[in-house]
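Each remark here refers to the structure printed beneath this line.
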């Protein structure tokens, strides 16, 4: 009897335990399911919203978008970037401007080393994806380096490695033994292309303010407001720049080595060529069997990957954190040793320009890492880029050279593109051009056409045609382009027809930034309010030089039109899903273009405004005068010439 009861108790206890286990497992499963669902829906909700739009009217003559560069709706995407920290050790060796490798005795003493042995090994590129470092050679006396890149290692008395770094220069001596290099002249110009990945004009204006101000005010640069990307990412946008060909079509021959890059044409004409680019994995053109240009930075950065710390595998995550201004006291993965990586790109370019002096040069500089995934870090390079451009001017390197500062496209993955301004501005990459003064004075039509083209639809294909003209010294004036036969690529030295459309420029509906327009009656109350607002603004400008100009009043409204981005969302082209995409309001604003006449004097003006009500009108750009002022502004001094556009002298 007792045995039976004991066995029964054990059986009951086992059943209870099994029930508890089942309940525990059921609750655990429920918890895992709920937690997973919460995580999943949280990720899906917070995943960035990347809307894709397409322009419904690519056949119409392009109306170049005008927008507020400082639109407050974009403020949440921009912040001031805290400087990034690199290692602080000193270089124990250096290569001077003559290509001589020296031991830095001062740095060695400061480091507390009594005796140091230093050795160097040449960096050798094999194909486009492999580098080796040659056997190390000890040096004690200054020595010329007959290659561009070396790895230098230094050791203490006990053979402990105390220094392992890469050094660069531009080996001109070896090149001059192999080939003749031409000389710059007023007719045969050097070409300096300086590019940054993923930079719209809007981002450049906001993050590189010093550089853009210098380009405009000191270098008289032409800034193209209608420069438009023709594809999604870097390769299909840069290929038209350097070949005039459309990517992923039969126009392009198979094999990267067979592509007719324009730098090959420059090289055949006596130019020395150069390509300085960081981040080999992001390089737009890679896979060459032999170096595509004479001076090629790629092996330097590939050798860098042989000696960087293992933390580099976490670069993207770490850079994201630092982009948000966290962990700023830690050494940044954007550094190599004691210097930010993009500075090596600029150093190599500057050495190239300096070393070859007045020789004909074709230089292509391209910075990837600081902008490819983030839009704020680039401001840390503002001072450096500014100083490089200043050096070019002050050292007279621009006297017989063209400088082009540009990008391939705007940011590709940013919620900024879901705003009214961001949606358009991200299609419009940076393009600025600086020409020698003697070109503008000898060929005034080039200056005139470039001024007009800053407000016309332009593309990477036009960039290529312009470089062809520079290559061939073709600065002569050409007949106006027939609006019924507009070619895909037009040199920027020619006037681009105002009738050009995205269709004729070979820009697809997904990348077309152009506005459409709808006529408004001059009697429309919005037009009337805007016209009075414009006249008030003109009088406010004239109030800055009191007593010299007549007060203007509205005479008549000549023309008015509603301008708008005729875009619709293309959900089929969206590859990223987020629940917030259902909640995201697609913003639109009312923009109105008004042309008017004032009295006295009959001056005619035109401008575009953003209209949100009679008391909420904002100018988008300048108030442009559309007829000649002649002698009306003769009381205005030359240094005040801005006021001549508006003044009717008393």
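Numbering (UniProt numbering), first residue to last: 1 to 650. For glycine and all other residues, C-beta sits at the position ideal for the given N, C-alpha and C. Keep in mind it's a predicted model, so treat the numbers as computed, not measured.
Out of curiosity, what's the CA-to-CA distance linking residue i and residue j?
i, j, result
"residue 470", "residue 295", "21 Å"
"residue 655", "residue 425", "Nothing about residue 655 can be read from this structure; the chain reaches only from 1 to 650."
"residue 137", "residue 150", "11 Å"
"residue 585", "residue 420", "A caution first: residue 585 carries a pLDDT of 49, below 50, which makes its placement in the model too unreliable to give a value."
"residue 315", "residue 646", "54 Å"
"residue 579", "residue 32", "Low per-residue confidence applies at residue 579: pLDDT is 49, beneath 50, and the placement is therefore not dependable enough to give any value."
"residue 549", "residue 522", "27 Å"
"residue 630", "residue 624", "15 Å"
"residue 292", "residue 146", "19 Å"
"residue 197", "residue 229", "12 Å"
"residue 633", "residue 648", "6 Å"
"residue 286", "residue 114", "45 Å"
"residue 444", "residue 250", "39 Å"
"residue 277", "residue 397", "21 Å"
"residue 78", "residue 429", "18 Å"
"residue 307", "residue 91", "16 Å"
"residue 582", "residue 239", "For residue 582, the predicted model reports a pLDDT of 47, less than 50, meaning its position is unreliable; a value from the coordinates is still stated below. Roughly 36 Å separates the two Cα atoms."
"residue 410", "residue 417", "10 Å"
"residue 465", "residue 536", "43 Å"
"residue 237", "residue 66", "23 Å"
"residue 557", "residue 207", "38 Å"
"residue 275", "residue 422", "31 Å"
"residue 593", "residue 626", "13 Å"
"residue 659", "residue 530", "The question about residue 659 has no answer here: the residues shown for the chain are numbered 1 through 650."
"residue 510", "residue 461", "17 Å"
"residue 124", "residue 82", "37 Å"
Distance cutoff 8 Å, beta carbons only. Does residue i sit that close to anything in chain D?
i, result
"residue 642", "Here chain D cannot be found, since the structure has a single protein chain."
On the DSSP bridge list, what partners appear for residue i?
i, result
"residue 455", "Paired residue(s): none; residue 455 is not in a bridge."
"residue 565", "515"
"residue 366", "195, 277"
"residue 63", "515"
"residue 29", "According to DSSP, residue 29 bridges with nothing at all."
"residue 493", "DSSP, once it has assigned bridges, lists no residue as partnering residue 493."
"residue 85", "331"
"residue 123", "133"
"residue 673", "Here the chain covers residues 1 to 650 and nothing more, so residue 673 does not appear."
"residue 618", "610"
"residue 165", "152"
"residue 345", "For residue 345, which the question treats as bridged, DSSP gives no partner whatsoever."
DSSP on residue i, reduced to helix/strand/coil?
i, result
"residue 550", "coil"
"residue 153", "strand"
"residue 310", "Its pLDDT being 48, under 50, residue 310 is placed unreliably in this model, and the coordinates cannot settle the point."
"residue 630", "helix"
"residue 403", "strand"
"residue 133", "strand"
"residue 467", "helix"
"residue 603", "coil"
"residue 12", "helix"
"residue 256", "helix"
"residue 594", "strand"
"residue 372", "helix"
"residue 624", "strand"
"residue 379", "helix"
"residue 94", "strand"
"residue 560", "strand"
Check the C-beta distance from residue i over to residue j and give it rounded, since I have them as a contact under 8 Å.
i, j, result
"residue 729", "residue 60", "Outside the shown range of the chain, which is 1 to 650, sits residue 729, and nothing can be said about it."
"residue 560", "residue 520", "4 Å"
"residue 259", "residue 467", "About 15 Å separates the two Cβ atoms, so there is no contact after all."
"residue 434", "residue 219", "5 Å"
"residue 364", "residue 266", "Not a contact, Cβ separation roughly 10 Å."
"residue 279", "residue 379", "No, residue 279 and residue 379 are not in contact; Cβ-Cβ is about 19 Å, not under 8 Å."
"residue 503", "residue 555", "Incorrect: roughly 38 Å between the Cβ atoms, too far for contact."
"residue 152", "residue 163", "7 Å"
"residue 512", "residue 63", "Not really, about 11 Å apart at Cβ, beyond 8 Å."
"residue 375", "residue 407", "Between residue 407 and residue 375 the Cβ distance is about 12 Å, and since that is not below 8 Å, they are no contact."
"residue 205", "residue 69", "5 Å"
"residue 108", "residue 303", "At roughly 24 Å, the Cβ-Cβ gap does not stay under 8 Å, so residue 108 and residue 303 are not in contact."
"residue 289", "residue 127", "6 Å"
Does the region 453-460 come into contact with the region 220-228, if we say contact requires no fewer than three beta-carbon pairs (one atom in each stretch) closer than 8 Å? yes
Between the region 231-251 and the region 332-350, can you find at least three pairs of beta-carbon atoms closer than 8 Å? When C-beta atoms of the region 332-350 are compared with those of the region 231-251, fewer than three pairs fall below 8 Å, so the two segments do not count as touching.
If you pair each beta-carbon of the region 401-418 with each one of the region 186-205, do three or more pairs fall below 8 Å? yes
Would you call the region 79-99 and the region 336-347 in contact, with 3 or more CB pairs under 8 Å? yes
Quick one: any contact between the region 166-176 and the region 91-105, if contact means 3 or more CB pairs under 8 Å? yes
Would you be able to state if there are at least three C-beta pairs under 8 Å between the region 524-537 and the region 605-620? yes
Below 8 Å, can you find three or more Cβ-Cβ pairs linking the region 487-499 to the region 532-544? no
When the Cβ atoms of the region 211-220 are set against those of the region 367-386, are three or more pairs found closer than 8 Å? yes
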